[in-house]
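*Asks:*
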Amino acid sequence: KAGVTQTPRYLIKTRGQQVTLSCSPISGHRSVSWYQQTPGQGLQFLFEYFSETQRNKGNFPGRFSGRQFSNSRSEMNVSTLELGDSALYLCASSLGGQSYEQYFGPGTRLTVT
Amino acid sequence: AQTVTQSQPEMSVQEAETVTLSCTYDTSESDYYLFWYKQPPSRQMILVIRQEAYKQQNATENRFSVNFQKAAKSFSLKISDSQLGDAAMYFCAYRVSNDYKLSFGAGTTVTVRA
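Read top to bottom, the protein sequences are chains A and B. Numbered as in my numbering, the first sequence ends at 117 without a single skipped number. Numbered as in my numbering, the second sequence ends at 1087 without a single skipped number.
(1) Between Arg77 (chain A) and chain B, is there a C-beta pair that is closer than 8 Å?
(2) Please tell me whether Lys1043 (chain B) has its Cβ less than 8 Å away from any Cβ of chain A.
(3) Comparing C-alpha positions only, which one of B:Val992, B:Tyr1027, B:Pro1013, B:Arg1036 sits nearest to Lys1043 (chain B)?
(4) Relative to the C-alpha of Tyr53 (chain A), which candidate in A:Asn63, A:Phe68, A:Phe64, A:Val36 has its C-alpha closest?
(5) Gly75 (chain A): which of A:Glu56, A:Gly66, A:Leu87 sits nearest, CA to CA?
(6) On the DSSP letters alone, give me the boundaries of the beta strand (DSSP E) that Ser1038 (chain B) sits inside.
(7) So for Leu92 (chain A), helix, strand or coil by DSSP?
(8) Tell me, please, which residues DSSP counts as bridged to Met1018 (chain B).
(9) Considering only residues of the same chain and omitting the five flanking positions on each side of Leu47 (chain A), which have a CB-CB separation below 7 Å?
(10) From Cys27 (chain A) to Gly109 (chain A), what does the alpha carbon distance come to, in whole angstroms?
(11) Hey, does Glu86 (chain A) have any beta-carbon neighbour from chain B nearer than 8 Å?
(12) What are the residues that DSSP puts in a beta bridge with Ala1061 (chain B)?
(13) Evaluate Ala1061 (chain B) with the Cβ neighbour count: other Cβ atoms within 10 Å of its Cβ, from every protein chain shown; 16 or more gives buried, anything less gives exposed.
(14) Under the three-state reduction of DSSP, which class applies to Leu87 (chain A): helix, strand or coil?
(15) Just the Cα atoms here: how many angstroms apart are Ser980 (chain B) and Ala1079 (chain B)?
(16) For Ile1022 (chain B), does the count of other Cβ atoms within 10 angstroms reach 16, so buried, or fall short, so exposed?
(17) Find the residues of chain B that neighbour Ser37 (chain A), judging by a C-beta separation of less than 8 Å, and give them in chain order.
(18) In chain A, what lies closer than 9 Å to Leu1020 (chain B) by C-beta?
(19) Going by DSSP, name the residue or residues bridged to Phe1008 (chain B).
(20) Ser1070 (chain B) and Asp1004 (chain B) - do their beta-carbons sit closer together than 8 Å?
(21) Here's the rule: buried if 16 or more other CB atoms are within 10 angstroms of the residue's CB, otherwise exposed. What is Ser985 (chain B)?
(22) Which residues in chain A sit within 9 Å of Phe1064 (chain B), going by Cβ to Cβ distance?
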C-alpha cells in the first residue's frame, strides 16, 4: 500500500505571495492532519480534517487554511506569506478513529524569501 | 494545555549498545496515547512505538521498548542493540483519545558511533 504523498517536495516563494500544498493520504485513510516544523518552534499542529470536515485547529493565524476533498486528499493554503512561514510542512493520515496512529508523508519544504 | 518535555537534546551511543531517551508530559486527562517517532535526515517521520495510557504493560517493538510510568507522567524509550540506521531525531508525542492532534516534544538527536 502506498504511503502518504505530498506535493511539491520543495517550494520557494516570495513574501506576500500565497501557496497551496497538497497531501494524498494512505488509501482508506479518512483523516488528514497538517503540522509545521521549524527549528525554533518545533512541530506544531495546524489542523485536522475528517470526511471533508475540519475537526480541530491549532493556534495559527487565519492566513493558514485547509480543506479536504471527497477522496480524502487535502490541501493547505497559506496566504500573504511571511518570512517566518519558512518551514517543513508535514501531512499525516490516519484511519480517523480515536485509537489510530498517524502516518506521515515526506513533507514539503517551503522557503519564503 | 498538554506539554511534552524531552530533556536530552542529544544522545550518543556505541553500536550494539543500549540508549534510553527520556520524555515527560503534563496532562489532566486520563485517556490518552503516547508515541515515539523517528525522523532521520530524510525528514520522513516514522512511527516507532505507541502506548495506550490504559494499558499497564509496556509496549515493545523489536529492539524498541518503552518504560511507561503513568503516575510519574514519564514515557522513556529504550533502544537496544543500537544500529547505525537508528541515528535520527526522536520525538515523543502525546494525544488525548478524543482529540486528533499530536503534541510533540522538542526532540532528541541520537548519534550512533561505529
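Each residue gets a CB set at the ideal place from its N, CA and C atoms; glycine is no exception.
*Replies:* Looking at the atomic coordinates:
(1) Among the CB atoms of chain B, none fall inside 8 Å of the CB of Arg77 (chain A).
(2) Answer no: the Cβ-Cβ gap between Lys1043 (chain B) and chain A never drops below 8 Å.
(3) The option with the nearest alpha carbon to Lys1043 (chain B) is B:Tyr1027.
(4) Comparing Cα-Cα distances from Tyr53 (chain A) to each of A:Asn63, A:Phe68, A:Phe64, A:Val36, the minimum goes to A:Val36.
(5) A quick correction: the sequence has Asn, not Gly, at residue 75 (chain A). The residue with the shortest Cα to Cα distance from Asn75 (chain A) is A:Glu56.
(6) Counting along the chain, the beta strand (DSSP E) containing Ser1038 (chain B) begins and ends at 1037-1042.
(7) Strand at Leu92 (chain A).
(8) DSSP, once it has assigned bridges, lists no residue as partnering Met1018 (chain B).
(9) Setting aside the 5 residues that flank it on each side, Leu47 (chain A) is surrounded in the same chain by Tyr39, Gln41, each with a C-beta closer than 7 Å to its C-beta; the list follows chain order.
(10) The straight-line gap from Cα to Cα measures roughly 8 Å.
(11) For Glu86 (chain A), the answer is no, since every Cβ of chain B falls outside 8 Å of its Cβ.
(12) According to DSSP, Ala1061 (chain B) bridges with B:Val1083.
(13) Ala1061 (chain B) comes out buried.
(14) Here Leu87 (chain A) carries a helix assignment [DSSP, helix/strand/coil].
(15) In this structure, the alpha-carbon of Ser980 (chain B) lies about 8 Å from that of Ala1079 (chain B).
(16) By the neighbour-count rule (16 or more Cβ atoms within 10 Å), Ile1022 (chain B) is buried.
(17) Taking a Cβ-Cβ cut-off of 8 Å, the neighbours of Ser37 (chain A) in chain B comprise Tyr1073, Lys1074, Leu1075, given in sequence order.
(18) Using a Cβ-Cβ cut-off of 9 Å, Leu1020 (chain B) is close to Glu105, Gln106, Tyr107, Phe108 of chain A, given in chain order.
(19) Phe1008 (chain B) pairs with B:Arg1023, B:Ala1066.
(20) Yes, the Cβ-Cβ distance between Asp1004 (chain B) and Ser1070 (chain B) is below 8 Å.
(21) Per the 10 Å Cβ criterion, exposed.
(22) Going along chain A in sequence order, the residues near Phe1064 (chain B) (Cβ under 9 Å) are Gly46, Leu47.
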